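Numbering (UniProt numbering), first residue to last: 1 to 122.
Glycine residues also receive a C-beta, built at the ideal position from the N, C-alpha and C atoms.
Here the structure is a predicted model, which means the values were calculated and not measured.
Notes to accompany the following structure.
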Amino acid sequence: MKMEHVGIMVNDMDESLAFYQNILGLELRNREWLNDTIELAFLFFPEQPSVEVELVYGRPFENEGIVNHLAFTVKNIEAELARFKEAGIKLVDEEPRIILNGTVKIAFFEGPNGEKLELVER
1 MKMEHVGIMV NDMDESLAFY QNILGLELRN REWLNDTIEL AFLFFPEQPS
51 VEVELVYGRP FENEGIVNHL AFTVKNIEAE LARFKEAGIK LVDEEPRIIL
101 NGTVKIAFFE GPNGEKLELV ER
């Protein structure tokens, strides 16, 4: 029916929350301890509140699946890359890649846990 959420394992909940809120602009919906070892935080974009990014902190899970990357739509990819560079974000692509016959620009960067993230300008 629709995309619900994407879960990302994190090494430091506070650092990850700061990144996803201050750098990417998501808002925190809920943060709680699931049990003695696992903490969860759910974030969303105000423009798309039905889809969440779930941050999972705690004991590592053994090979429960692979998510290659998480992509975010932006209006001006060059401006976002400049802002990320100034903020010290590790950029995989310093300049956007042009794909799909010149109709889409993309650029990859890393989150605070080494997660592969992507910007997309259509």
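Check E110 in the structure and name its three-state DSSP category. If DSSP states are grouped into helix, strand and coil, E110 belongs with the strands.
Taking all protein chains shown into account, do 16 or more other C-beta atoms lie within 10 angstroms of the C-beta of A41, making it buried, or fewer, making it exposed? A41 comes out buried.
List the residues that DSSP assigns as beta-bridge partners of L117. According to DSSP, L117 bridges with L70, F109.
When DSSP labels each residue in this structure, what does R83 get in the three-state scheme? Of the three classes helix, strand and coil, the one that applies to R83 here is helix, per DSSP.
Taking Cβ positions, are A71 and V104 nearer each other than 8 Å? Cβ distance not < 8 Å, so A71 and V104 don't count as in contact.
Might you give, ordered along the chain, the residues of its own chain that have their beta carbon closer than 8 Å to the beta carbon of A87, omitting 5 neighbours on each side? Exclusion of the five residues before and after A87 leaves I23 as the residues of its chain whose Cβ lies within less than 8 Å of its Cβ.
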